[in-house]
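What follows is one structure encoded as structure tokens, with my remarks underneath.
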Amino acid sequence: MPASASPDLLGRSGRTDRQRGAGPSVGMPRWLWFPAALAAAFIIVPLVAIILRVDLASFPALITSPSALEALWLSLRTAVASTVLCIVLGVPLSTILARTSFRGQGLVRSLVLLPLVLPPVVSGLALLYTFGRRGLLGQSLDLIGIQITFTTLAVVMAQTFVALPFLVISLEGALRTSGTRYEAVAATLGARPTTVFRRVTLPLVGPGLLSGSVLAFARCLGEFGATITFAGNLPGVTSTMPLQVYLLRVDDPDAAVALSLVLVVVAVAVIGFARHGRAI
Amino acid sequence: MITKTTISTAVAVTALLALAGCGSSSEGTQEQELTVFAAASLTDTFTELAEEFEKDHPGAKVTTSFGGSSDLVAQIEDGAPADVFASADTKNMDKLGDLATDPQDFASNTLEIATPPGNPAKIKAFQDLAKDGTKVVVCAVEVPCGNATAQMETETGVDIKPVSEEQSVSDVLAKVTSGDADAGLVYVTDVTAAGDTVTGVEFEESDQVVNTYPISALDGADDADLAQEFVDLVLSEAGQKVLSDAGFGQP
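Listed in order, the protein sequences are those of chains A and B. Quick note on the working numbering: the first sequence kicks off at 1 and runs consecutively. Quick note on the working numbering: the second sequence kicks off at 1001 and runs consecutively.
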């Protein structure tokens, strides 16, 4: 399995430690250190800068204020719901994309991965033109008394829209590198397709599914553009942490910074948890 | 090998220099540059006034930057290269303190209800915004239009239960023009500028809350005289005509 030796999106390498030390050591061009350090510093220094901005004295009060807790709770709830939705929808999609071939498959793959590169505001507009009150499908929904915009459901839909491709791209890669040998063996032993999928395919790609879900969760938690465009901004209903940070950044920078730090900590915790989970 | 390393280093250094160079503006030969920061609601009028200014001052180039007043104030305090600032309310101009050399009121604005074309929810008065089932979008209280909305609610005793508190007037308008909101509260001038995409509903209490727009040249302007000339243009009869055509009231 040569492909699994490359680290996945969470930096988990498929190699064992023994493999890592084996073989003749290849010299690394020394000048690589300079741009590499520059790149690392470029990401790390701004993170440090935001931490330095935190006003420690008021920090506990700021992050436990009712409005902050409300936004955090909403963010966590919606991100979990969206991640579940991503898994429910993304696992079948990735499997179909990785294990079958049909006409126009390449086009379908490119299109469903599009939200990865679209500005989130554009994703929000697309959702608005689909599910908004005068949208493609929203028009009919409005007739039977359902309006999605301005609801928590709209937040979940916006997050799912932008995060689903993260799960699909991770899982499809895992499916492709895991190969179909074990599945073929199971099938020759008489297992039905559903059994093979449940007992062989899914366990094989467990790590890929985990890392994909974590990425999707993190993306949901940070969603801003699509949410504000499609769902609006109302405390407790649609105003998630990133929206609060954006609104507070000018009038109450201390609160904005405190909330930002909470988001950073949650993101670090999630990624740490997922990296730790690789041993399972 | 050494040459390659040298070349790589040279490339890296050049890239860094190029990055560093991004911030500094090129010194034009005789071109005078003037940077005007103005509230988002002034976008159309100040674009027009900037063109007029350039016509009257050959060689001058006016760069405009529009945004939420509080955002612009934060940028100016952080050292953004602004020469003139026009705010949508006095509160934000006051935040600048001595940075604003001589703030002068140049226009005023009042609130108006914006509805999707044809006013499908039949909004007729300010009280209608509090009706059950009416989907109203307002500005968040942190931004000037939201502050004005909150004052209006206090003045009239009408308690609006919005479905969304947006970050700016244009966000409110976007929710109205898409038809997802039954009504939004914005400024009179926003309704005028939006043209056919919204139907405006004036209400009698609107004059109880008036937003005053101050303008000032800024301390540290590259060319203080040029900055003051722009302020003078806005305060002149020609400038006031442009503003009143767009729906702004007298200061």
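Think of the CB as a built atom: it goes at the ideal place given N, C-alpha and C, for glycine as much as any other residue. All values reported here derive from a predicted model rather than from experimental measurement.
Closest by C-alpha distance to Ser75 (chain A), when choosing among A:His276, A:Ile271, A:Pro235 and A:Ala126 = Counted from its first residue, the first sequence places residue 75 (chain A) at position 75. It is A:Pro235.
Alpha-carbon to alpha-carbon, Gly145 (chain A) and Ala1112 (chain B) = Along the second sequence, read from residue 1 onward, the residue named residue 1112 (chain B) stands at position 112. Along the first sequence, read from residue 1 onward, the residue named residue 145 (chain A) stands at position 145. Strictly speaking, residue 1112 (chain B) in this sequence is Glu, with Ala absent from that position. C-alpha separation (whole angstroms): 28 Å.
task = Spatial neighbours of Ser1069 (chain B) within its chain, please: CB distance less than 7 Å, with the 5 preceding and 5 following residues excluded, ordered by chain position.
result = Residue mapping note: residue 1069 (chain B) aligns to position 69 of the second sequence, counting from 1. Closer than 7 Å at Cβ, skipping near neighbours: Ala1039, Ser1087, Ala1088, Asp1089, Asn1092 and Pro1144.
query = Phe131 (chain A) lies in the beta strand (DSSP E); which residues open and close that run?
reply = Translated into the one-based positions of the first sequence, residue 131 (chain A) becomes position 131. From DSSP, Phe131 (chain A) is part of no beta strand (DSSP E) but of the alpha helix (DSSP H) over Pro120 to Phe131.
request  = Would you kindly check if the distance between the Cβ of Leu1042 (chain B) and the Cβ of Val1062 (chain B) is under 8 Å?
outcome  = Along the second sequence, one-based indexing puts residue 1062 (chain B) at 62. Along the second sequence, one-based indexing puts residue 1042 (chain B) at 42. Contact: no.
key: Per DSSP, cross-strand counterpart(s) of Asp1105 (chain B)   = For the purposes of this step, residue 1105 (chain B) is taken as residue 105 along the second sequence, with counting starting at 1. Bridge partners of Asp1105 (chain B): B:Pro1214.
request  = Please say whether Ser1065 (chain B) and Val132 (chain A) have beta carbons closer to each other than 8 Å?
outcome  = Here residue 132 (chain A) refers to the residue found at position 132 of the first sequence. Here residue 1065 (chain B) refers to the residue found at position 65 of the second sequence. As written in the sequence, residue 132 (chain A) is Gly, which differs from the Val given in the question. Contact flag unset, no.
inquiry  = When you compare the CB positions of Val112 (chain A) and Leu93 (chain A), do they come within less than 8 Å of one another, or not?
reply    = Indexing the first sequence from 1 puts residue 112 (chain A) at position 112. Indexing the first sequence from 1 puts residue 93 (chain A) at position 93. Their beta carbons are under 8 Å apart, which means Val112 (chain A) touches Leu93 (chain A) by this criterion.
ask   = When you compare only the Cα positions, how much space is there between Val266 (chain A) and Phe224 (chain A)?
value = Taking the first sequence and counting its residues from 1, the one referred to as residue 266 (chain A) is at position 266. Taking the first sequence and counting its residues from 1, the one referred to as residue 224 (chain A) is at position 224. If you take the alpha carbons of Val266 (chain A) and Phe224 (chain A), they lie about 16 Å apart.
message = Quick check: the Cα distance between Gln159 (chain A) and Phe217 (chain A), rounded to an integer number of angstroms?
response = Numbered from 1 along the first sequence, position 159 holds the residue referred to as residue 159 (chain A). Numbered from 1 along the first sequence, position 217 holds the residue referred to as residue 217 (chain A). Using only the alpha carbons, I get a separation of about 9 Å.
ask   = Is Leu209 (chain A) helix, strand or coil by DSSP?
value = In the first sequence, counting from the first residue as 1, residue 209 (chain A) sits at position 209. Note: Leu209 (chain A) maps to helix in three-state DSSP.
ask   = What is the DSSP secondary structure of Gly179 (chain A), counted as helix, strand or coil?
value = As a working mapping, residue 179 (chain A) is identified with position 179 in the first sequence. Coil at Gly179 (chain A), not helix or strand.
task = Put Phe197 (chain A) into one of helix, strand or coil per three-state DSSP.
result = One-based indexing of the first sequence puts residue 197 (chain A) at position 197. In the structure shown, Phe197 (chain A) sits in a helix (DSSP, three-state: H, G or I).
task = Evaluate the contact criterion for the segment 242-260 of chain A versus the segment 43-55 of chain A: three or more CB pairs, one atom per stretch, below 8 Å.
result = yes
query = Out of curiosity, what's the CA-to-CA distance linking Cys220 (chain A) and Thr240 (chain A)?
reply = Residue numbering aside, residue 220 (chain A) sits at position 220 when the first sequence is read from its first letter. Residue numbering aside, residue 240 (chain A) sits at position 240 when the first sequence is read from its first letter. Whole-angstrom Cα-Cα distance: 10 Å.
query = In angstroms, rounded to a whole number, what distance separates the CA positions of Val1158 (chain B) and Ala1150 (chain B)?
reply = Against the second sequence, residue 1158 (chain B) aligns to sequence position 158. Against the second sequence, residue 1150 (chain B) aligns to sequence position 150. Their backbone Cα atoms lie some 10 Å apart in a straight line.
ask   = Are the C-beta atoms of Gln1250 (chain B) and some chain A residue less than 8 Å apart?
value = One-based indexing of the second sequence puts residue 1250 (chain B) at position 250. Not one chain A Cβ lies under 8 Å of Gln1250 (chain B).
ask   = In the DSSP assignment, what are the bridge partners of Thr1063 (chain B)?
value = Taking the first residue of the second sequence as position 1, residue 1063 (chain B) is located at position 63. Answer is B:Thr1035, bridged to Thr1063 (chain B).
query = Cβ of Thr1197 (chain B) within 8 Å of Cβ of Ala1246 (chain B)?
reply = Numbered from its first residue, the second sequence carries residue 1197 (chain B) at position 197. Numbered from its first residue, the second sequence carries residue 1246 (chain B) at position 246. Their beta carbons are not under 8 Å apart, which means Thr1197 (chain B) does not touch Ala1246 (chain B) by this criterion.
task = Report yes or no: is there a C-beta of chain B within less than 8 Å of the C-beta of Tyr246 (chain A)?
result = The residue given as residue 246 (chain A) occupies position 246 in the first sequence. Interface residue, yes.
message = Suppose you measure from the CA of Leu153 (chain A) to the CA of Leu164 (chain A); what does that come to, to the nearest Å?
response = Along the first sequence, read from residue 1 onward, the residue named residue 153 (chain A) stands at position 153. Along the first sequence, read from residue 1 onward, the residue named residue 164 (chain A) stands at position 164. One C-alpha to the other measures close to 16 Å.
message = Whole angstroms are fine: how far does the CA of Thr83 (chain A) sit from the CA of Met157 (chain A)?
response = By one-based count along the first sequence, residue 157 (chain A) stands at place 157. By one-based count along the first sequence, residue 83 (chain A) stands at place 83. One Cα belongs to Met157 (chain A), the other to Thr83 (chain A), and the distance between them is close to 11 Å.
message = Just to make sure I have the definition right: I need the residues of chain B whose C-beta is within less than 7 Å of the C-beta of Asp251 (chain A). Which are they?
response = Translated into positions along the first sequence, residue 251 (chain A) becomes position 251. Ordered by position in chain B, the residues that pass the 7 Å Cβ test against Asp251 (chain A) are Ser1070 and Glu1142.
request  = Using a Cβ-Cβ cut-off of less than 7 Å, give me the residues of the segment 127-146 of chain A that come near chain B, in sequence order.
outcome  = The segment 127-146 of chain A vs chain B, Cβ under 7 Å: Leu128, Gly132, Arg133 and Arg134.
ask   = Hey, is Ser260 (chain A)'s beta-carbon within less than 8 Å of any beta-carbon in chain B?
value = Here residue 260 (chain A) is taken as the residue at index 260 of the first sequence, counted from 1. It does not: the Cβ of Ser260 (chain A) has no partner Cβ on chain B nearer than 8 Å.
request  = Could you name the residues that DSSP lists as bridge partners for Leu1292 (chain B)?
outcome  = Residue 1292 (chain B) is absent from the model: chain B starts at 1001 and stops at 1251.
query = Which residues mark the beginning and the end of the beta strand (DSSP E) in which Ala1088 (chain B) is found?
reply = On the second sequence, position 88 is the one that residue 1088 (chain B) refers to. Element bounds for Ala1088 (chain B): n/a, residue is neither H nor E.
key: chain A contacts made by the segment 1119-1140 of chain B, where a contact means CB separation under 8 Å   = Lys1135, Val1137 and Ala1140
request  = Taking Ala1074 (chain B) and Phe1037 (chain B) to be in contact with their CB atoms under 8 Å, please state how far apart those CB atoms are, rounded to whole angstroms.
outcome  = Within the second sequence, the letter at position 74 stands for residue 1074 (chain B). Within the second sequence, the letter at position 37 stands for residue 1037 (chain B). With a Cβ gap of about 11 Å, Ala1074 (chain B) and Phe1037 (chain B) do not count as contacting.
task = Under 8 Å Cβ to Cβ from Asp1219 (chain B), same chain only, skipping five residues before and after it: list those, please.
result = To locate residue 1219 (chain B), count along the second sequence from 1; it is residue 219. Once the five neighbours on either side are set aside, the close Cβ partners of Asp1219 (chain B) are Asp1098, Leu1099, Ala1100 and Thr1101.
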